[in-house]
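For the sequence shown, our numbering assigns the number 3 to the initial residue and increments by one for each residue that follows.
Just so you know, even glycine gets a beta-carbon here, dropped at the ideal spot from N, CA and C.
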Amino acid sequence: MAVNVQCPGCFSAVSMPQEKLGGKVKCRTCGQVFVAKGGESSAGAKGTRSGGKGSSGRSKKSKPGSSNQLGFLAAVGAVVVLGIGGYAFFGRGGGDAVPAAPGAPAQASATPPGAAAPATGIGATEAGAIGSSAASVPAGTVWNVVDPPKDPLEWTRTLDVQIALPEGETKRTVPELPSPFLATSNNNGFTVLDLRSTAPVKHVDFPAKRTYGTSALSPNGQHFATSGFEIPKSAPGAGRADPSTFPPSRIQIVSVATGAVVADVETPLGIPMVQWMEFRSPTELVAMGITKEQKWAAAVLGLDGKVLRSLPVPVIFDEPRLTPGGKYLLVLGTFGMPPHPLVAIDLDSGQLLGSAATHDDVYRPLSLTDMAFSADGRQVAILQRYDDAFRVLVLSAADGKKVRQITIPGDSKEILSKRVGGPKGLEWHPDGRHLVLFDGLVVDAESGNVATDLGNVRETTSDTYALGYAIVATETVYNKTIRSSVIQIPQAPAPSTPLQ
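Below is the structure:
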C-alpha cells in the first residue's frame with residue numbers, strides 16, 4: 003500500500019510504498035533526500051500533477067538551514083534595507099505539486115470513487131491546507147479566484163497635470179486595489195496625493211525615527227502602513243548583516259487625516275522584517291516575511307495591528323498579487339526553474355486553494371516578471387520573458403485554464419534596452435480589451451498588436467505605475483527625482499497596428 007510522507011525541505015507530499023518506510027527517499031519537488039518516517043495512506047488518492055508540458059522537472063532547492071538558504075535570507079534582508087527589488091527566478095527543475103502546510107496531512111483526491119477526474123486544463127494542481135485551521139479543502143472545490151472589485155474605480159476626468167514630488171520623498175506606494183491615491187515617503191514622513199487633483203491630500207511626519215522599509219496605502223487613502231526597524235550597531239557591514247540578528251521590526255499604521263498612530267506593533271509570527279504588505283480592504287492589512295527559522299509566513303492584521311488570521315506560506319515565492327476584490331492572494335512559487343506555479347490563498351479562510359501552471363510550452367520562459375488582473379477580476383495575465391520575445395499568458399480566474407497567449411514581437415533584450423520597465427511592468431487597461439506594458443505601450447489583449455504608444459514617457463522615466471486610467475511617470479535628472487507626470491491612457495485606443 004502506498005503512503006504519503008512529508009518532505010522536511012519544502013513540505014511536499016511524497017508518495018512511496020509502505021514497506022520502504024524508514025529508508026531514504028528523494029523529494030520530486032525540491033530534490034532533498036530524507037529518511038521517510040510515519041506516513042498516511044494514499045491508496046487511490048495520488049496528487050494531481052501539473053498538466054503543463056515541461057512541468058515535471060526537478061528542483062535543486064537546498065535544505066533548511068543550509069548555506070544557500072542562509073545566503074538567500076541575508077539577500078532578502080539586504081533588499082529590504084537598501085530598497086532594491088529583485089527576483090529569484092533561476093535554478094533547476096520545477097515543482098510537481100503544491101506543497102502542503104507544515105504538519106498538515108497530505109490532501110486526498112477530491113474526486114469521488116468511480117467518478118471521472120476533473121479536467122486540469124493547463125495544470126491545476128492538488129489543493130492543500132494552509133493556516134492555523136489546517137482544514138482540508140471540501141470535496142469538489144476547484145481553483146476559482148474570480149473576485150471583482152468592491153469599489154470599481156470610476157475615473158473619467160481628462161488628466162494632464164504635473165505633480166511635484168515632495169523634496170526627498172522618492173519612494174512611492176500605490177494600493178494594489180483600484181484606487182486614485184498615491185503616497186510618497188522617506189524615513190521622516192509621507193505624503194498622500196489624490197491623482198484626481200493637483201493638491202496633496204496630507205503630509206504626515208513619522209513620530210518614531212526608524213529605517214522604514216515596506217509600506218502600504220489603503221485603497222481609500224485613509225491609512226498608511228509601514229514596517230520599520232533599527233539595524234544593530236554591531237551589525238557587520240551596512241545593509242549586509244544577517245537579518246536574523248536584527249531586533250524585530252515593527253508595523254506602524256497611521257491615520258492620514260489626523261496623523262495619529264493607530265497601531266504600532268511588533269511584526270507577527272516571528273518575522274524579523276516584512277518583505278511585502280498590502281491592504282486587502284480599507285480595514286485589513288496582509289503582511290509577509292521570512293521567519294528566523296527561514297520559512298515564509300504571513301498574517302492578516304486589523305487596523306489595530308492585531309492578527310486576525312495566520313497564513314503560513316510553505317513555499318518560497320515572489321510576485322504576490324491581490325485579486326481586485328481583495329479576497330484572494332496569488333503568488334508565484336519561485337523554487338526551481340520556470341514554470342512557476344501560480345498559488346492561490348483564500349484570505350478569508352486561510353486555505354491554500356491550489357495552483358495553476360503558468361505556461362504550457364515546450365520551451366521554458368527565462369522568467370515571469372509580472373502579473374495583473376482584468377478590471378472585472380475574471381482573467382489574470384502573466385508577463386513571460388523568453389530569449390526572443392515577451393509573451394503574455396492569459397488564464398481564466400474561474401478554473402486556471404489557459405485562455406490565450408499573445409506574443410509581443412521583438413528581441414527581449416532590445417525591448418528592455420529601449421524601455422525602462424518599472425515595478426509595474428504589466429497592467430490591464432480598464433476597458434478590458436487592452437494591456438499596458440512597461441512604460442506606456444498599450445497593446446491589444448487579443449492579438450498583442452500595439453494600440454497606443456505613449457512614447458513621451460519613455461525617454462524621461464525611471465519608474466512607471468499604472469493607476470486606473472493613468473500612468474504616473476517620474477522624471478529624473480542626474481538621478482535626482484524632479485516631478486511626477488499623470489498621463490491619461492486613452493479609454494478608446496486607436497485601431498491596433500502591428501508592432502514594428
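Distance, residue j Cα to residue i Cα
i: L324; j: F231; result: 26 angstroms
i: R380; j: P322; result: 18 angstroms
i: V206; j: A399; result: 39 angstroms
i: H431; j: S283; result: 22 angstroms
i: D350; j: L287; result: 12 angstroms
i: T213; j: L184; result: 21 angstroms
i: H436; j: L334; result: 23 angstroms
i: L179; j: K22; result: 50 angstroms
i: V309; j: D348; result: 16 angstroms
i: Q20; j: K39; result: 10 angstroms
i: Q224; j: F281; result: 11 angstroms
i: I253; j: L439; result: 33 angstroms
i: E169; j: S217; result: 19 angstroms
i: D378; j: Q296; result: 37 angstroms
i: C29; j: F36; result: 8 angstroms
i: W145; j: K329; result: 13 angstroms
i: L370; j: L354; result: 21 angstroms
i: A453; j: V258; result: 38 angstroms
i: V16; j: V396; result: 31 angstroms
i: G402; j: N188; result: 39 angstroms
i: A289; j: A346; result: 16 angstroms
i: A447; j: A201; result: 35 angstroms
i: A374; j: V256; result: 28 angstroms
Contact under 8 angstroms by Cβ, residue i with residue j
i: I408; j: S357; result: no
i: A227; j: M275; result: no
i: P326; j: P150; result: yes
i: G352; j: R311; result: yes
i: G434; j: S376; result: yes
i: V315; j: A300; result: yes
i: L332; j: V147; result: yes
i: V445; j: N451; result: yes
i: T186; j: S229; result: no
i: L219; j: T285; result: no
Three-state secondary structure assigned by DSSP to residue i
i: E448; result: coil
i: G272; result: helix
i: E21; result: helix
i: E321; result: strand
i: E295; result: coil
i: V315; result: coil
i: E169; result: coil
i: D207; result: strand
i: P150; result: coil
i: D266; result: strand
i: R532; result: Residue 532 is absent from the structure shown; the chain starts at 3 and stops at 502.
i: A453; result: strand
i: L197; result: coil
i: Q381; result: strand
i: D372; result: strand
i: K308; result: coil
i: W145; result: coil
i: K403; result: coil
i: T409; result: strand
i: P180; result: coil
i: P284; result: coil
i: Q353; result: coil
i: S398; result: strand
Counterpart residues of residue i in DSSP-defined beta bridges
i: R174; result: T186
i: A358; result: L344
i: K26; result: V37
i: H431; result: Per DSSP, none; premise fails for H431.
i: T228; result: S217 and Q254
i: G223; result: DSSP lists no partner for G223.
i: A4; result: P19
i: Y330; result: D348
i: G191; result: D207
i: V438; result: E429 and V444
i: A301; result: A289 and S312
i: Q277; result: DSSP output for Q277 lists no bridge partner at all.
Cβ-heavy atom distance, residue i to the ligand FMN, below 7 angstroms
i: P151; result: What this structure holds is no ligand at all, so the ligand FMN is not there to describe.
Counting Cβ pairs closer than 8 angstroms, one from the region 263-274 and one from the region 184-201, do we hit at least three? no
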